[in-house]
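Chemist:
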């Protein structure tokens, strides 16, 4: 246990060192309460920067992302809920702006496809295994029986 | 015998699907706007050229207009400028500009140099109005109908081809022109 946690600490320290050059790329935003700060952090990590697309608002240095972070901050200070803030951005930019799209009719296939594919895989695997078992099974027992009987010979079936 | 062809068939299906996926992949820089067919945002912003005056969506009601988001810092907007002047010259639809995250003095001297295609220009130095329109780059152009509904959005610099094939046919003026 102790060794594991030590390794983990070392790894975390290494990661922190790697991340250090980026830590100051974006001026941190201070929210008045820790609860608001936590919500703010969670929200900015959940939105896509529409300009750079593969980065979140939290990590993007472009000015549009800064404007969006400011808007999120102002909405939080105005007492808006997380859902209201998400709806605000989805109404203007579409679901694309969310890194985790919601489960709605339009995105259903996105969420269900992995499960469906897994089920198809499992069913075909089960089918193949059963067929193989059925093919091999009787021959085995046949052989076993003939061994038991002591009547081993190529002419048995003819 | 046929069962040996099943994996091959599956492979062919997968290859065809992947090939289609690569060829039909939507351009990643063109994100469809959820605002098409929806009312354009209400706005009342200071005019770029006359800070005492306002450019408002209310005053634009009842008219078709092209809402063009630009900035002097935006290189593609410079490319688009001659086409905007050409569109303004046709007199078929007024151009309403949104000067996005810009400096007022720079924008004004830019328009003096290159010519001003806009009927009115709203000034949005803070960038909030652009967020309301779902803008993620410049230039972006929205076609708004007299009921205030966004009919079409064009992303990137408007080319003569885009004007003739994507924007003009959606205007009543363009439709009558085609019909005659």
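Residue numbers (this note's numbering), protein chains in the order written: chain W, 2 to 159; chain F, 41 to 220.
Ideal placement from N, C-alpha and C gives every residue a C-beta, glycine not left out.
Please say whether residue 170 of chain F and residue 95 of chain F have beta carbons closer to each other than 9 angstroms?
Modeler: no
Chemist: Can you confirm whether residue 95 of chain W, when its beta carbon is compared against all beta carbons of chain F, has any partner nearer than 9 angstroms?
Modeler: yes
Chemist: Using alpha carbons as the reference points, say which of F/208, F/186, F/143 lies closest to residue 89 of chain F.
Modeler: The residue from F/208, F/186, F/143 with its alpha-carbon nearest to that of residue 89 of chain F is F/143.
Chemist: My output table needs one value for residue 181 of chain F: the three-state DSSP class, helix, strand or coil.
Modeler: Residue 181 of chain F sits in a strand when the DSSP states are folded into three classes.
Chemist: Taking Cβ positions only, does residue 76 of chain W come closer than 9 angstroms to chain F?
Modeler: no
Chemist: Could you please tell me which residues of the stretch 131 to 164 of chain F, in chain order, have their CB closer than 9 angstroms to any CB of chain W?
Modeler: 141
Chemist: Do three or more CB pairs link the stretch 28 to 35 of chain W to the stretch 49 to 64 of chain W at distances below 8 angstroms?
Modeler: no
Chemist: Cβ closer than 8 angstroms: which chain W residues qualify as neighbours of residue 71 of chain F?
Modeler: 51, 94, 95, 97, listed in chain order.
Chemist: Should residue 49 of chain F be flagged as near chain W, meaning a C-beta pair shorter than 9 angstroms?
Modeler: no
Chemist: Is the beta carbon of residue 116 of chain F less than 9 angstroms from the beta carbon of residue 178 of chain F?
Modeler: yes
Chemist: Can you pull the chain F residues whose beta carbon is under 7 angstroms from the beta carbon of residue 72 of chain W, in chain order?
Modeler: 168, 171
Chemist: What do you get for residue 49 of chain W, buried or exposed, if any count of 16 or more other CB atoms within 10 angstroms of its CB means buried?
Modeler: buried
Chemist: For the beta strand (DSSP E) that residue 195 of chain F lies in, which residues bound it at each end?
Modeler: Segment 190 to 195, the beta strand (DSSP E) holding residue 195 of chain F.
Chemist: With a cut-off of 9 angstroms, does the C-beta of residue 208 of chain F fall near any C-beta of chain W?
Modeler: Cβ-Cβ to chain W under 9 angstroms: no for residue 208 of chain F.
Chemist: Give the interface partners of residue 57 of chain W over in chain F, defined as CB-CB distance under 8 angstroms, in chain order.
Modeler: Within chain F, no residue comes near residue 57 of chain W; the closest Cβ sits about 14 angstroms away, beyond 8 angstroms.
Chemist: Is it buried or exposed, residue 45 of chain F, if we count other Cβ atoms within 10 angstroms and call 16 or more buried?
Modeler: exposed
Chemist: Taking buried to mean at least 16 other C-beta atoms within 10 Å of its own C-beta, is residue 43 of chain F buried or exposed?
Modeler: exposed
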